[in-house]
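Residues in the sequence shown are numbered consecutively from 777, following this note's numbering.
The C-beta atom is built at its ideal place from N, Cα and C for all residues, glycine as well.
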Amino acid sequence: MNNQLTIIGRVGQDPRAVSFADTGNKVVKFSLGVTEYSSKKEEEKTLWIDVDCWNGLGERVMQTVTKGREVLLTGRLAINVFTKEVDGKTVEVHKPILKLTSFHLCGPKPVEKAEDATSETKKAARKSA
């Protein structure tokens, strides 16, 4: 059987990197929001999916993916299992994640804040001077 998932959505927050000193590996994490529409109701619902990207692929994600960006992701579906306290009881949680194998940027780049765009324009002007 082939465990492959392809999904399109918007990045929920800027990717963050976590390094493991003992192995030298690095994982980049972010969440992807996928909007579900219902034909019977006029409401939409967002499904949030956690995404892990390891080593070199994670570095490329850090360089190119930002909050709000529409992306097409391909990867393996995995289950993270951990325990947590709920109402004084320890419960086992099974959380699905996407282990990224490739990605493509879709649509236009998200609109930058005015102050960010102004500072980038100033930087470009200084470089050309």
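Using DSSP with H/G/I as helix, E/B as strand and the rest coil, what is residue i?
i	result
T799	coil
V837	helix
G832	helix
K885	coil
K817	coil
T842	coil
M777	coil
Q789	coil
In whole angstroms, what is the alpha-carbon distance linking residue i and residue j?
i	j	result
V837	L874	14 Å
T877	G851	5 Å
V841	K865	38 Å
A793	K821	28 Å
Q839	P884	16 Å
K802	N831	5 Å
T782	A797	31 Å
A854	H870	10 Å
F879	G834	11 Å
On the DSSP bridge list, what partners appear for residue i?
i	result
P872	I855
V807	Before going on, a small fix: residue 807 reads as Ser here, not Val. In the DSSP output, where bridge partners are listed per residue, S807 has D826.
T850	T782 and S878
My guess is that residue i and residue j are in contact by the Cβ rule of under 8 Å, so how many angstroms apart are they, rounded?
i	j	result
D826	S807	6 Å
R845	L881	6 Å
K805	D828	6 Å
By the 10 Å Cβ neighbour count, where 16 or more other Cβ atoms means buried, how is residue i classified, buried or exposed?
i	result
L728	Lying before the first or after the last residue shown, residue 728 is absent from the chain, which here runs from 777 to 905.
P872	exposed
V857	exposed
V867	exposed
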